[in-house]
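Structure first, commentary second.
There are 2 protein chains.
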Amino acid sequence: MANKFFDIIQSDLSKLEDALEEAVASPVETITDIGIHLIHAGGKRLRPAMFFLAAHCSKDFKLERAMPLAVALELIHMASLVHDDVLDSAMTRRGEATANAKWGNQLAILAGDYLFAKAFALVAEHGYSDRVQLQLSRLLTDLSAGELIQNKEIYKASCDIDEYYERIAMKTANFLAISCQLGGDVANLSEEEIQALYDYGYSVGMAFQLTDDLLDITGDEDTIGKPAGNDILQGIVTLPTIKALKSSPDKDKLLSIVTDSNMTRDMLHEAVEIVRASDGIEYTQQKVDEFLEQAKTVLPESIPEDIRTAYSMGADFISDRKF
Amino acid sequence: MANKFFDIIQSDLSKLEDALEEAVASPVETITDIGIHLIHAGGKRLRPAMFFLAAHCSKDFKLERAMPLAVALELIHMASLVHDDVLDSAMTRRGEATANAKWGNQLAILAGDYLFAKAFALVAEHGYSDRVQLQLSRLLTDLSAGELIQNKEIYKASCDIDEYYERIAMKTANFLAISCQLGGDVANLSEEEIQALYDYGYSVGMAFQLTDDLLDITGDEDTIGKPAGNDILQGIVTLPTIKALKSSPDKDKLLSIVTDSNMTRDMLHEAVEIVRASDGIEYTQQKVDEFLEQAKTVLPESIPEDIRTAYSMGADFISDRKF
Numbered sequence: 000m001a002n003k004f005f006d007i008i009q010s011d012l013s014k015l016e017d018a019l020e021e022a023v024a025s026p027v028e029t030i031t032d033i034g035i036h037l038i039h040a041g042g043k044r045l046r047p048a049m050f051f052l053a054a055h056c057s058k059d060f061k062l063e064r065a066m067p068l069a070v071a072l073e074l075i076h077m078a079s080l081v082h083d084d085v086l087d088s089a090m091t092r093r094g095e096a097t098a099n100a101k102w103g104n105q106l107a108i109l110a111g112d113y114l115f116a117k118a119f120a121l122v123a124e125h126g127y128s129d130r131v132q133l134q135l136s137r138l139l140t141d142l143s144a145g146e147l148i149q150n151k152e153i154y155k156a157s158c159d160i161d162e163y164y165e166r167i168a169m170k171t172a173n174f175l176a177i178s179c180q181l182g183g184d185v186a187n188l189s190e191e192e193i194q195a196l197y198d199y200g201y202s203v204g205m206a207f208q209l210t211d212d213l214l215d216i217t218g219d220e221d222t223i224g225k226p227a228g229n230d231i232l233q234g235i236v237t238l239p240t241i242k243a244l245k246s247s248p249d250k251d252k253l254l255s256i257v258t259d260s261n262m263t264r265d266m267l268h269e270a271v272e273i274v275r276a277s278d279g280i281e282y283t284q285q286k287v288d289e290f291l292e293q294a295k296t297v298l299p300e301s302i303p304e305d306i307r308t309a310y311s312m313g314a315d316f317i318s319d320r321k322f
Numbered sequence: 000m001a002n003k004f005f006d007i008i009q010s011d012l013s014k015l016e017d018a019l020e021e022a023v024a025s026p027v028e029t030i031t032d033i034g035i036h037l038i039h040a041g042g043k044r045l046r047p048a049m050f051f052l053a054a055h056c057s058k059d060f061k062l063e064r065a066m067p068l069a070v071a072l073e074l075i076h077m078a079s080l081v082h083d084d085v086l087d088s089a090m091t092r093r094g095e096a097t098a099n100a101k102w103g104n105q106l107a108i109l110a111g112d113y114l115f116a117k118a119f120a121l122v123a124e125h126g127y128s129d130r131v132q133l134q135l136s137r138l139l140t141d142l143s144a145g146e147l148i149q150n151k152e153i154y155k156a157s158c159d160i161d162e163y164y165e166r167i168a169m170k171t172a173n174f175l176a177i178s179c180q181l182g183g184d185v186a187n188l189s190e191e192e193i194q195a196l197y198d199y200g201y202s203v204g205m206a207f208q209l210t211d212d213l214l215d216i217t218g219d220e221d222t223i224g225k226p227a228g229n230d231i232l233q234g235i236v237t238l239p240t241i242k243a244l245k246s247s248p249d250k251d252k253l254l255s256i257v258t259d260s261n262m263t264r265d266m267l268h269e270a271v272e273i274v275r276a277s278d279g280i281e282y283t284q285q286k287v288d289e290f291l292e293q294a295k296t297v298l299p300e301s302i303p304e305d306i307r308t309a310y311s312m313g314a315d316f317i318s319d320r321k322f
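Protein chains in written order, with numbering that gives the first Met the number 0: chain S, 0 to 322; chain G, 0 to 322.
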């Protein structure tokens, strides 16, 4: 991701790759193999990036102090994707075979468990504060609870917008918020600054997930690496679809498709077309813009100018993202 | 489990049930439901029991200090069983429906993740030492690595006895060892005493797992709640079978069955009979006795007499167990 947003932290992110490989190295060969596969399958490293930026607010930035937490954040993210792919029976992610496709569900579930545990082990080994441990574990309880709410409601077309926001907050916004907050912790910022960074991460996270949900409808398979409407296929309705289910002239047809766990590709295609033609797209895009505006507004004046600019550009990057 | 072993900690264990229910209470109803189901499905609470006993070595025992760790240990155990049952597609455990049978694999996987995270959250909330956090996270990396080794080798009849011991050490012995060790930590025992309690837990844990593996062959469905030979059916060879694969006159027949992922009930029955008739049973029982003898030997003289007696009875209890 060549973007000026990352200039300040380019070297950290590049060293992160080595640190991740070190973290997954295990006497148990399969663990190392799965770990390396996941690392090489790529990813935006958004959570470590958000974290490193906040950590750089201190002039006294020490990479060796920041790195274990950056690794822990990415390991938790990787582990949750591994379990996600088992849940969805996904065979590819970002064009690469998923862990379950390559090693089977059983080893993928266990590898995910291992990576969660390894994240906590890393943090414990490096003696961070109880608050750091607490935030990291709450992040994971929220993450799994958010996924659980989502999976419980599949093919039910739950259209409560507040519940939708709550679910994406638990799944994504909270994770980015805590990534920023932990960076602020490491940089010894004031409570107010840390809270502001948390709020920034939260808004950016909401925008990020909304964009993800939007791209799932508007993107094409070549760009997003999965067929358009994949969420609908999995029985999950997101904001564009929820809006379409309320306002589209074809809402009855749409409802009958999204609640059908045996939907065919043709039905899926029709559902995607209905959502695309509805005001759900514009409505969601507007919400993305509102969250990003909000994110920029809460950035504290007191943090270094270059970090503030980088965070601001990070928000712009999310609004422009196409994958 | 009415046994004098538990007298000292009977009241702790009874309060543990409430604390567990409190720990799984969540605004997300499904999490609470799954949690309560798992708690009510029972279990020996062996890890909290081992932990509480060690914690009672201090005259200054404070239940409110010990309880969060006891809950964390049992939550990690419960979560690993939930994932185990998904891996094995098990429909019942201890005569009760498994979480995957009742809520499906997806929610069961996520509920397991939630419980792991909740265990770490509990510990972080109560401000234990980094060492406690570290032991708990290492326990979980070992546990998942041990399960992973086991699952990687299914239907391969891996007969290396050292590898078998390593696997059950990671899965079980280490867990009981750390349960004892953490109790010693809470009781502020000396490093030597804590190490001795760790060693006791380790040996007892090895004996416990060996007994489990033995009962899987010698037990009947009414007593152990699953058909005899369930491990073999899952493609897992344990010490009695490993020994039989080396020494039984029918070892070729046995090998052909345990490496067949399509084995029928009749084939399984035949395999179980071959192992039962082999010297694998006596050999394993002898190893159980050796580990239990070892466990009793390492118990430190310096800890209170009643705790030493209780631990010693705990070892006897394992050697006598029939389920």
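The C-beta atom is built at its ideal place from N, Cα and C for all residues, glycine as well.
Same chain, Cβ closer than 7 Å to residue i, neighbours up to 5 away in sequence not counted
i	result
G234(S)	I153, Y154 and S260
R46(S)	L72, E73, H76, F174, L175 and S178
N187(S)	S57
I30(S)	V23, A110 and Y113
Q285(G)	none
V185(S)	A54, R64, A65 and L68
Closer than 8 Å to chain S by CB, residue i
i	result
S25(G)	yes
S260(G)	no
Q180(G)	no
H55(G)	no
A120(G)	yes
For residue j and residue i, believed in contact at Cβ under 8 Å, the rounded distance
i	j	result
A65(G)	A54(G)	4 Å
L37(G)	A98(G)	7 Å
K242(S)	T283(S)	7 Å
F51(S)	D11(S)	5 Å
L244(S)	L254(S)	6 Å
Q208(S)	A172(S)	7 Å
L267(S)	A206(S)	About 26 Å; that fails the 8 Å criterion.
Y199(G)	A309(G)	Actually they are not in contact, since the Cβ atoms of Y199(G) and A309(G) sit about 11 Å apart, beyond 8 Å.
Proximal residues of chain S, C-beta to C-beta of residue i below 7 Å
i	result
E124(G)	L133
D129(G)	A123 and G126
Straight-line Cα distance separating residue j from residue i
i	j	result
A116(G)	E20(S)	23 Å
Y163(G)	I148(G)	10 Å
I108(S)	D84(G)	12 Å
Y197(S)	H82(S)	26 Å
A1(G)	G41(G)	Note that A1(G) has pLDDT 47, beneath the 50 cutoff, so the model's placement of it is unreliable and no number is given.
S246(G)	T240(G)	10 Å
D32(G)	A18(S)	39 Å
T217(S)	T91(G)	44 Å
D288(S)	I280(S)	12 Å
S136(S)	G126(G)	13 Å
K252(S)	G94(S)	32 Å
Q105(S)	G103(G)	15 Å
A276(S)	A270(S)	10 Å
K312(G)	I306(G)	Correcting the residue identity first, residue 312(G) is Met in this sequence and not Lys. One C-alpha to the other measures close to 10 Å.
M262(G)	I273(G)	15 Å
Contacting residues, own chain, Cβ-Cβ under 6 Å from residue i (five flanking each side not counted)
i	result
I177(S)	Q134 and L138
A118(S)	A71, L74 and I75
Per-residue contacts from residue i into chain G (C-beta, under 8 Å)
i	result
K323(S)	Absent from the model: residue 323(S). The displayed extent of chain S is 0 to 322, so no value can be given.
K170(S)	Going along chain G, no residue has its Cβ under 8 Å from K170(S), so there is no contact; the nearest lies around 11 Å.
L147(S)	V27, T29, I30, L106, L109, A110 and Y113
Amino acids of chain G, ordered along the chain, whose beta-carbon sits closer than 7 Å to that of residue i
i	result
V85(S)	I108
S143(S)	L109, D112, Y113 and A116
Residue-chain proximity (residue i, chain G), Cβ-Cβ < 8 Å
i	result
M0(S)	Note that M0(S) scores 44 on pLDDT, short of 50, meaning its location in the model is unreliable; the coordinates nonetheless yield the value given after this. Chain G contact via Cβ: absent.
Contact set for residue i: own chain, Cβ-Cβ below 8 Å, skip 5 residues either direction
i	result
G219(S)	For the sequence presented, residue 219(S) should be read as Asp rather than Gly. Cβ within range, chain order: A227.
R44(G)	L12, L15 and E73
E192(G)	C56, G183, P299, S301 and I302
L62(G)	D11 and K14
V257(S)	Y154, A156, I231, G234, V236, T240, L244 and A270
Proximal chain S residues relative to residue i, where beta-carbon distance stays under 8 Å
i	result
N150(G)	Q105, L106 and L109
H82(G)	I108, L109 and D112
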